[in-house]
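Protein chains in written order, with numbering that gives the first Met the number 0: chain F, 0 to 172; chain S, 0 to 110.
Built from N, CA and C at the ideal position, the CB exists for glycine as well.
Treat the numbers as computed from the prediction; the structure is a model and nothing was measured.
To keep things clear, I will list the structure first and then write my remarks on it.
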Amino acid sequence: MPAIGDRAPAFSLTDTSGAPQQLDGAPATVVVFTCNHCPYALAWHPRILDVARDYSAAGVRVLAINPNDAERYPRDSPAQMRARVEQGEFEGVPYLRDESQQVARAYDAKTTPDVFVLDAGGVLRYRGAPDADYDDPSQNARWLRDALDAVLEGGTPDPAETVPVGCSIKWRP
Amino acid sequence: MRVELLFWEGCPSYANAHAQLRASLIEAGLDPDEVILREIETEADAESHQFVGSPTIRIDGVDVQPPHGEPTGLTCRVYRRRDGRFSPTPDPADVRDALRAAAVSTAGDRS
Numbered sequence: 000m001p002a003i004g005d006r007a008p009a010f011s012l013t014d015t016s017g018a019p020q021q022l023d024g025a026p027a028t029v030v031v032f033t034c035n036h037c038p039y040a041l042a043w044h045p046r047i048l049d050v051a052r053d054y055s056a057a058g059v060r061v062l063a064i065n066p067n068d069a070e071r072y073p074r075d076s077p078a079q080m081r082a083r084v085e086q087g088e089f090e091g092v093p094y095l096r097d098e099s100q101q102v103a104r105a106y107d108a109k110t111t112p113d114v115f116v117l118d119a120g121g122v123l124r125y126r127g128a129p130d131a132d133y134d135d136p137s138q139n140a141r142w143l144r145d146a147l148d149a150v151l152e153g154g155t156p157d158p159a160e161t162v163p164v165g166c167s168i169k170w171r172p
Numbered sequence: 000m001r002v003e004l005l006f007w008e009g010c011p012s013y014a015n016a017h018a019q020l021r022a023s024l025i026e027a028g029l030d031p032d033e034v035i036l037r038e039i040e041t042e043a044d045a046e047s048h049q050f051v052g053s054p055t056i057r058i059d060g061v062d063v064q065p066p067h068g069e070p071t072g073l074t075c076r077v078y079r080r081r082d083g084r085f086s087p088t089p090d091p092a093d094v095r096d097a098l099r100a101a102a103v104s105t106a107g108d109r110s
């Protein structure tokens, strides 16, 4: 499990169209573990999409990863993921399936959502919640935006770590 | 009036839901300590209580935001606020309306 300042685990996962997606050395990359069935993930989702849109010109890449056990939670199945993408719910954000759950384990992801910000060298610079309150859209993913601003300026996010809030990752039995 | 909060420990939203429910009861002039907390621990429990997710609030047996065909199970429940946002807890206005409706129904039964 990476600590702040460690190189984050590399991965290759397929998105809902079957295309492989990896870390590619973007100026900053947001890896967000998320899912379809969790109200916290859904509540924060528009703010994550806004971040993807607002930082795309700066070359920031946002990758959403669903690691949940879809056998026990069918709403997290690949078909349901595809349906959300086709409905336009992931504009500008590839939605990846972590079927083996190995990526979530490698990142020590705890909840959906759980957000990780990596710099251009793939080093983990921020980990935690998007902002302080899932129920307050005016928070506007402030912690995530501050982390990205710091990384893009070559600085250190403050805070670099917050407590992720959401539904527990649904691990396979 | 019977006020029940059914919850699953695996979803962190029940504490907020309980606090909001207590506030709504106080606002309605009712006793917040009358909330019956019922923990749902297994899938079998979920099925027998028709529990579609945590938290679930029922006033006199009626869900404050009746589910629309969701399967029973141990999961966090997705609510829609009145402004359309997703939320882990019901809209406080829905809770207040359910309490009012139950109060009217109870008064009607007594008249």
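Buried or exposed by the 16-neighbour rule on C-beta atoms within 10 Å, applied to residue i
i	result
residue 157 of chain F	exposed
residue 92 of chain S	exposed
residue 183 of chain F	Nothing in the structure corresponds to residue 183 of chain F, since chain F is present only between 0 and 172.
residue 19 of chain F	exposed
residue 30 of chain S	exposed
residue 2 of chain S	buried
Residue i at chain S interface by Cβ criterion, 7 Å
i	result
residue 176 of chain F	Since the first residue shown for chain F is 0 and the last is 172, residue 176 of chain F is missing from the structure and cannot be characterised.
residue 38 of chain F	yes
residue 123 of chain F	no
residue 48 of chain F	no
residue 95 of chain F	no
residue 41 of chain F	yes
Check whether residue i and residue j have beta carbons under 7 Å apart
i	j	result
residue 117 of chain F	residue 50 of chain F	no
residue 71 of chain S	residue 38 of chain S	no
residue 44 of chain F	residue 72 of chain F	no
residue 151 of chain F	residue 27 of chain F	yes
residue 6 of chain F	residue 165 of chain F	no
residue 15 of chain F	residue 74 of chain F	no
residue 128 of chain F	residue 32 of chain F	no
residue 106 of chain F	residue 159 of chain F	no
residue 3 of chain F	residue 66 of chain F	no
Minimum Cβ-Cβ distance from residue i to chain F less than 7 Å
i	result
residue 50 of chain S	no
residue 77 of chain S	yes
residue 65 of chain S	no
residue 87 of chain S	yes
CB-CB length for residue i against residue j, believed under 8 Å
i	j	result
residue 85 of chain S	residue 94 of chain S	Between residue 94 of chain S and residue 85 of chain S the Cβ distance is about 17 Å, and since that is not below 8 Å, they are no contact.
residue 90 of chain F	residue 48 of chain F	6 Å
Within chain C, partners of residue i - CB distance below 9 Å
i	result
residue 72 of chain F	Of the protein chains in the structure, F and S, none is chain C.
TODO: Mind checking the segment 10-39 of chain F against chain S and listing, in chain order, the residues whose C-beta falls within less than 7 Å of any C-beta there?
DONE: Taking 7 Å as the cut-off between beta carbons, the residues of the segment 10-39 of chain F near chain S are 36, 37, 38 and 39, in sequence order.
- [ ] With 8 Å as the C-beta to C-beta threshold (strictly closer), list the residues of the segment 126-148 of chain F near chain S in chain order.
- [x] Under the 8 Å Cβ criterion, the segment 126-148 of chain F contributes 133, 134 and 136.
Open item on the list: Closer than 9 Å between beta carbons: that is the criterion. Which residues of the segment 5-38 of chain S meet it against chain F?
Closed with: Listed in sequence order: 9, 10, 11, 12 and 15.
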